[in-house]
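Chemist: Numbering (our numbering), first residue to last: -10 to 170. Note that CB positions come from ideal geometry on N, CA and C, so glycine has one too.
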């Protein structure tokens, strides 16, 4: 099975294996966030452009955290359900909750069910998962708190200047007293 990669006009990557092509879509906005459920669906087509519905494909989805070894078991194996999106009716889809930010590999493999006419395939998609918006806002809040703490722990400029002048005054008084002896 050879796997080729084409870049579609959109931001999606088309993967091809045997006589099946597939494009991964992830809602919302192809921008999954760690800890939040994301709806992934695969626009599958056979040679000639005919869409492949889930009922025509005995498909399995495996999710791996990258990097992973060949013998390592999948991190997740979410069940596939029929999803209707854009021009695709009942295409394979799954809800995936990525546990942490980072890079993941989604491996979709499939064989035709009785009556379907395409070769068995395996498509691999790399997905980058961002921090959840809660983590990002918490980080911003922490940065702001750290900044306020740093500012409140430093002395005001006038206090520093007063301390310098007081020290200079004491030094000058001591020097004059020693000279006056």
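Taking the beta strand (DSSP E) that residue 69 falls in, what are its first and last residues?
Modeler: Translated into the one-based positions of the chain shown, residue 69 becomes position 80. Element bounds for residue 69: n/a, residue is neither H nor E.
Chemist: Check whether the stretch 9 to 17 and the stretch 64 to 71 are in contact - that is, three or more C-beta pairs closer than 8 Å.
Modeler: No, the stretch 9 to 17 does not touch the stretch 64 to 71.
Chemist: Starting from the C-beta of residue 21, find all residues in its chain whose C-beta is less than 6 Å away, skip the five residues before and the five after it, and write them out in chain order.
Modeler: In the chain shown, residue 21 corresponds to position 32, counting from 1. The residues are 15, 27, 87, 118.
Chemist: Please go through the same chain and pick out, in chain order, the residues whose beta-carbon is closer than 6 Å to the beta-carbon of residue 102, but skip the five residues on each side of it.
Modeler: Translated into the one-based positions of the chain shown, residue 102 becomes position 113. The answer, listed in chain order, is 45, 47.
Chemist: Consult DSSP for residue 107 and reduce its assignment to one of helix, strand or coil.
Modeler: Walking along the chain shown from the start, residue 107 turns up at place 118. In this structure, residue 107 counts as coil in the three-state DSSP scheme.
Chemist: What does the alpha-carbon distance come out to for the pair residue 125 and residue 23?
Modeler: The count along the chain shown starts at 1 and reaches residue 125 at position 136. The count along the chain shown starts at 1 and reaches residue 23 at position 34. Reliability of the predicted coordinates at residue 125 is poor, the pLDDT of 49 falling under 50, and no value is obtained from them.
Chemist: Pick out whichever of 37, 42, 156 has its Cα sitting closest to the Cα of residue 104.
Modeler: Here residue 104 corresponds to residue number 115 of the chain shown, with the count starting at 1. Nearest option by C-alpha distance: 42.
Chemist: What did DSSP end up calling residue 129 once you bin it into helix, strand or coil?
Modeler: As a first step, residue 129 is located in the chain shown; it is residue number 140 there, counting from the start. Confidence at residue 129 is low in this model, with a pLDDT of 46, below 50, so the placement of that residue is unreliable and no value is reported for it.
Chemist: Using only the alpha-carbon positions, how far apart do residue 169 and residue 156 sit?
Modeler: Residue 169 sits at position 180 when you count from the first residue of the chain shown. Residue 156 sits at position 167 when you count from the first residue of the chain shown. The straight-line gap from Cα to Cα measures roughly 20 Å.
Chemist: Can you list, in chain order, the residues of its chain whose CB lies under 7 Å from that of residue 90, leaving out five sequence neighbours each side?
Modeler: Sequence index remark: in the chain shown, residue 90 carries index 101 (1-based). Within the same chain, residue 90 has close Cβ partners 23, 118, 119, 120.
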